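Student: My structure is below; once you've seen it, I'll send some questions.
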Ligand SMILES: [Zn+2]
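Residue numbers (this note's numbering): 181 to 425.
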């Protein structure tokens, strides 16, 4: 393929633009906020599991408390009923039986109230643990929101830069013939980083290989409007007065 030396030099400007675009794209992918958000996401996942388990503990304690409260209610009603009966009976035998039962019910009530108190204390402890986890999660969630805002601001700036670079690139590309542009694009896909490189002091500025022997002879012999390639990295080698050949 042939292309004028002027057009070949445009490939270097195109390559410089593509290198800049790649750098900005890499910056966007490598923002430290990405890793920070991933780590915080894991923290939130872990604390969600803890929160679920602790909320379950609270539910269990509440169910236990309701059961004991209902047991207390049953015993209190029986005490009330037996007390009324004892007041209204004239049978000494019945009174004695009721008093025995009341004494047993009194003991049972005291025991239940002790258990009720213990369960209430446990419930409070479990509720405090839920509140603690919820507060931790709120702190992390706020951190996430802050870092997301930072990330979004940085990405917005990088995207703006990419937009400008894309416009500049299009302007350069429009001055390059379709065949040469197609060759360049093909090299970009197949090559190792650079599709076009300046030959400076007999050295490919893409891969830093210095041309010697028959490689150098071939490039020297090629007419100025011939497209030549780096024998090492395959980039289009653009010859200028700096090439030293
Ligand atoms: Zn090279």
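Note that the Cβ used here is the ideal one computed from N, Cα and C, for glycine as well. All values reported here derive from a predicted model rather than from experimental measurement.
For ligand 1, is there a heavy atom less than 7 Å away from the beta-carbon of residue 398?
Tutor: Here residue 398 refers to the residue found at position 218 of the chain shown. Incorrect: residue 398 has no Cβ contact closer than 7 Å to ligand 1.
Student: Taking 7 Å as the cut-off, is the C-beta of residue 377 nearer than that to any heavy atom in ligand 1?
Tutor: Within the chain shown, residue 377 is the residue found at index 197, counting from 1. At least one heavy atom of ligand 1 is nearer than 7 Å to the Cβ of residue 377, so yes.
Student: With distances taken from CA atoms, which of 348, 295 and 356 is nearest residue 252?
Tutor: Residue numbering aside, residue 252 sits at position 72 when the chain shown is read from its first letter. Of the listed residues, the one whose Cα sits closest to residue 252 is 295.
Student: Between residue 378 and residue 194, which are expected to be in contact by the criterion C-beta below 8 Å, what is the C-beta distance as a whole number of angstroms?
Tutor: The residue given as residue 378 occupies position 198 in the chain shown. The residue given as residue 194 occupies position 14 in the chain shown. Contact doesn't hold; Cβ gap of about 12 Å is too wide.
Student: Taking 7 Å as the cut-off, is the CB of residue 381 close to at least one heavy atom of ligand 1?
Tutor: For the purposes of this step, residue 381 is taken as residue 201 along the chain shown, with counting starting at 1. Checking the Cβ of residue 381 against ligand 1 gives no.
Student: Who are residue 384's beta bridge partners in DSSP?
Tutor: What you label residue 384 is simply residue 204 of the chain shown in a count that begins at 1. For residue 384, which the question treats as bridged, DSSP gives the partners 379.
Student: Does residue 367 come out as helix, strand or coil in the three-state DSSP assignment?
Tutor: By one-based count along the chain shown, residue 367 stands at place 187. Helix at residue 367.
Student: Say the cut is 7 Å; is the CB of residue 373 nearer than that to a heavy atom of ligand 1?
Tutor: What you label residue 373 is simply residue 193 of the chain shown in a count that begins at 1. Checking every heavy atom of ligand 1 against the Cβ of residue 373, none is found closer than 7 Å.
Student: Let me check understanding here. Comparing Cα to Cα, which of 357, 329 and 347 lies closest to residue 184?
Tutor: The sequence position of residue 184 within the chain shown is 4, counting from 1. Answer by Cα proximity: 357.
Student: Are the beta-carbon atoms of residue 310 and residue 234 separated by less than 8 Å?
Tutor: Within the chain shown, residue 310 is the residue found at index 130, counting from 1. Within the chain shown, residue 234 is the residue found at index 54, counting from 1. A contact, by the Cβ cut-off of 8 Å.
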